[in-house]
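Down below is the structure, laid out as structure tokens.
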Amino acid sequence: MLTQSSPKRSGITLVKRAAAVGAVALAVASLHPLTANAASTRVVGGTPAAQNEFPFMVHLSMGCGGALYKKDVVLTAAHCMDGSGNNTSITVTAGANDLNSSAAIKVKSTKVKVAPGYNGTGKDWALIKLARPIDKPTLKIATTDRYNRGMFTIAGWGDTEEGAGTGTTKLRKATVPFVADRVCKRHYGNRLVSKEELCAGWQSGGIDTCQGDSGGPMFRKDDAGKWIQVGIVSWGDGCARAGVPGVYTEVSHFAKDIARAANAL
Ligand code: 4AZ
């Protein structure tokens, strides 16, 4: 996929490359995200999430991810939504890694608020109001840029290979390092909206979000050891290609707007 995808063809995908590799290049490469690391033996692609590992993660029926911002409000990507207003068409699934599990909680939407000024470039966030609260932990969002660095966790039900188009029924996760705007622009140039977007990925490729993961959170631990959301899966050129980071909405930049919109929802 060469551009931001439409809802049906988007999402966070944990791309899995053939894992066969020499065990040698490894230890070194994993510490140096920007170092060439082709065919490394470290974790390639995603792995299954454990039950309750990310209890704030939700799946959206149009094939996107999201996170519980409040018990009755989901934070997701604007490009997964059709627009703002009353909307009872979205089914939000929570409480189970396996979407087909009998333990999965399903709640309908009542309203959607897309980021003010969203026009397909930057500002890729939206809120969904739920018909009833979901009794699961929420995911706090970053309100300053201090956590826009280091290693991030990504998770989703998206494709495990670029172009697969099917997604998975079981939640998968992976770890990707922060990529500075300057480095991210080596590939994307001015298509990257630096203030509003954040990049992450391994220079060697092989691990990334993909179609179907869109709208889901990118998160890390804060100084107190609690999960904090720094990104929203937004777009990228394909998935897990070498030298091509994933692009995420920079949540801290929009934290006040998100809080305001949630209060008004
Ligand atoms: C998509 O199609 C998509 N590799 C999401 C994330 C990325 C690429 C595509 C990032 O929604």
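Reading the sequence shown from the start, the letters are residues -38 to -1, 1 to 227 in mature numbering (1 follows the signal peptide of the UniProt record, and there is no 0).
For each residue, glycine too, the CB sits at the ideal point set by N, CA and C.
- Assignment of F18 by DSSP, reduced to helix, strand and coil, places it in the coil class.
- Distances from the CB of S156 to the heavy atoms of the ligand 4AZ are all 6 Å or more.
- For R134, the enclosing beta strand (DSSP E) has its first and last residue at R134 to V141.
- In the DSSP assignment, N48 is bridged to K73.
- At a Cβ-Cβ threshold of 7 Å, H21 and W87 do not count as neighbours.
- F18 is the residue among K218, F18, N225 and R222 whose C-alpha sits nearest the C-alpha of A117.
- Under DSSP, P10 forms a beta bridge with R134.
- In its chain, beyond the 5 residues on either side, F140 have a beta carbon closer than 6 Å to the beta carbon of R111.
- Excluding five sequence positions before and after V209, the CB atoms of its chain that fall closer than 8 Å to its own CB belong to C146, Y150, L154, E159, L160, C161, S196, W197 and G198, given in chain order.
- In this chain, the beta strand (DSSP E) harbouring R182 covers P179 to K183.
- Here DSSP, grouped into helix, strand and coil, assigns V36 to strand.
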